[in-house]
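Data block below; observations after.
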Amino acid sequence: MIQCSVALASAVAFLAMAYPLFDRMPHPYDGVRAVEISLEMQTVINRVGSPFAFDPPFDRNERLRSATRLFEGQIHGSESVAVRPNGELVMLDKFGYLHRAHPDTNELYVLNASALYIGPGRPLGFHVVDQGAALFVCDSLKGLVRVELDGPRRGDISILANSVEGRGPISYANDLSVAANGTVYFTSSTEGVVALNAPLGFYDTMASYMLNAVRGDMTGRLLAYDPTTRQTRELMDGLFYANGVAVAPDQSFVAVVETSAYRVQRYWLTGPRSGDVDTLVEGLPGAPDGITVASDGNFWLSLIVPASPIMKYLGPYRWIRQLLSHALHILSPLVAKRWGCVVKISPAGRVIDVLYDPDGERVSMVSAVTEHEGRLFLGNLGGSFVSVLDL
Ligand SMILES: *[C@@H]1O[C@H](CO)[C@@H](O)[C@H](O)[C@H]1NC(C)=O
Ligand SMILES: *[C@@H]1O[C@H](CO)[C@@H](O)[C@H](O)[C@H]1NC(C)=O
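Throughout the sequence shown, residue numbering follows mature numbering (1 follows the signal peptide of the UniProt record, and there is no 0), covering -18 to -1, 1 to 373 in sequence.
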């Protein structure tokens, strides 16, 4: 009888302790629960791997292993590398410091020891504008930001867009691309916020991305900032972690990465399909992150980690996903495998080329690629370096 009561009491105590795990997600998603993932989206997720599986030429190669690491131990988690017309490199690390490096004849590049702080927040996608005079940055906390690089206003920051009229603040700006007519297309990954890794002092977008995926949070958006009216419009919503953005070289569409759906969408700007959305490429074998235009008019797409089977199997079970969210910090090293993968895709969505570092020996977690004068500059999420590859 006593044994029975103890067992019952223990069970009640356990359930009482575990109940909050069923009721809510961990920080910064506390207060919300995992949501249903539609059958349509589950079907999209289940297509993982297909564009490569049918293309024998894209067997795993080691071409990314020829990359050279730059500034090892000095630049931590620069999502991208921007190149100014004079060849100078600009990097923004995960702590919010802006670093510059100039090309040198003896060594490859020389890092300028004086870094500029533009934090707090996590700078994600960034590109040089105005012939290299400034940088447009998507900062997870601040929104779409302009940073002056030269002259007396060097280091000045102006916020171009941090809210959308009638829709409230932009909480998770991620990447941008400037069209020929000056319109800035940019994404907000989710209406949730970025997880702060307080002990290490940076905003952890990898943790945020995984929490967002297990929640089934489809609140990513494509936005457009018009520099003449200084207004920001919403073009797409309902994206499952909106990420990289690239305006097609012929200005006919904007490519928008939807990371947790393992696909890239196309938002049409011109022609009879103007305003319509279709799929550029889907079923990718890894989680796509950044997208940029290559010198030959195709796109460079970075896959940050191999596609995780978790969402394939747990998609329909939101309670399990919610429970799992409390263990993600333990499981994340299993998901965030060392792996390097950059894919070239045509504007018609055909996979043209794939560059791998199969076990991330030289480069892994590549988040964005910038092509400049026959070289690829690779930013990454997890490493303490950036890389350069001669094409
Ligand atoms: C490094 O940056 C500082 C501050 O902007 C600048 O004054 C200096 O000229 C730079 N050094 C080199 C070698 O470019
Ligand atoms: C730029 O082009 C886009 C897409 O065609 C259009 O919506 C926008 O109004 C244009 N902006 C300017 C300043 O011409």
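Just so you know, even glycine gets a beta-carbon here, dropped at the ideal spot from N, CA and C.
If only complete runs of 3 or more residues are kept, the region 141 to 195 shows the beta strand (DSSP E) at 155 to 160, 166 to 170, 177 to 179 and 184 to 186, in order along the chain. Under the 10 Å beta carbon count, PHE184 is surrounded by 16 or more other beta carbons and is classified as buried.
The C-beta distance from TYR244 to ALA276 rounds to 21 Å, too long to fall under 8 Å, and the pair is not in contact. For TRP321, no alpha helix (DSSP H) segment is defined, and its DSSP state is neither H nor E.
The straight-line gap separating the alpha-carbon atoms of HIS9 and ASP186 is approximately 12 Å. Going down the chain, each residue whose beta-carbon is closer than 6 Å to a heavy atom of ligand 1 shows up: HIS84, ASN94 and SER96. In the structure shown, GLU22 adopts helical secondary structure according to DSSP, grouped into three states.
According to the DSSP secondary-structure assignment, PHE359 is paired through a beta bridge with THR352 and VAL370. Annotation for SER369: ALA49, ARG51, VAL345 and LEU360 place their beta carbon closer than 6 Å to its own, counting only its chain and skipping 5 residues before and after. Relative to ligand 2, the nearest heavy atom lies less than 7 Å away from the CB of THR165. In the displayed model, ALA83 falls within a strand according to three-state DSSP. Only buried fits LEU46, as 16 or more other CB atoms lie within 10 angstroms of its CB. VAL160 is not a Cβ neighbour of ILE152, given a cutoff of 8 Å. Each residue's CA atom was taken as its position, placing ASP260 and TYR191 some 23 Å apart.
A distance below 8 Å separates the beta carbons of GLY114 and LEU131.
In the DSSP annotation of this structure, the continuous segment of the beta strand (DSSP E) that includes GLN213 starts and ends at 213 to 221.
The closest heavy atom of ligand 2 lies 7 Å or more from the beta carbon of ALA155.
A residue is called buried once 16 or more other Cβ atoms fall within 10 Å of its Cβ, and LEU316, having fewer, is exposed. Taking the Cα positions, PRO298 is about 16 Å away from PHE4. The Cβ atoms of ASN156 and GLY125 do not sit closer than 8 Å to each other. In the DSSP assignment, ILE292 falls within the unbroken alpha helix (DSSP H) covering 291 to 296. VAL(-13) counts as exposed, since fewer than 16 other C-beta atoms from the protein chains shown sit within 10 angstroms of its C-beta. The Cβ atoms of SER284 and SER349 sit closer than 8 Å to each other. Where GLN247 is concerned, the enclosing beta strand (DSSP E) starts and stops at 245 to 250. The residues ALA243, ARG245 and GLU264, in chain order, have a CB closer than 7 Å to that of VAL26 in the same chain once the five nearest residues on each side in sequence are set aside. Bridge pairing for ALA116: VAL111 and GLU130 [DSSP].
Secondary structure at THR241: helix, using DSSP grouped into helix, strand and coil. Relative to ASP121, the option among SER366, SER62 and GLN56 whose CA is nearest is SER62. Listed in chain order, the non-local C-beta contacts of LEU262 below 6 Å within the same chain comprise ALA237, VAL246, ARG248 and GLY331, local neighbours out to five positions each way being set aside. Remark: the shortest separation between the CB of ALA161 and any heavy atom of ligand 2 falls under 7 Å.
Scanning its chain for C-beta atoms nearer than 6 Å, with the 5 sequence neighbours on each side dropped, one finds around ILE273 the residues GLY226, ALA228, ALA237, VAL239, PHE281 and LEU283, in chain order. Look at VAL17 here: in three-state DSSP terms it is coil, with no helix or strand label. Going by DSSP, SER96 is part of no beta strand (DSSP E) at all; its letter is neither H nor E.
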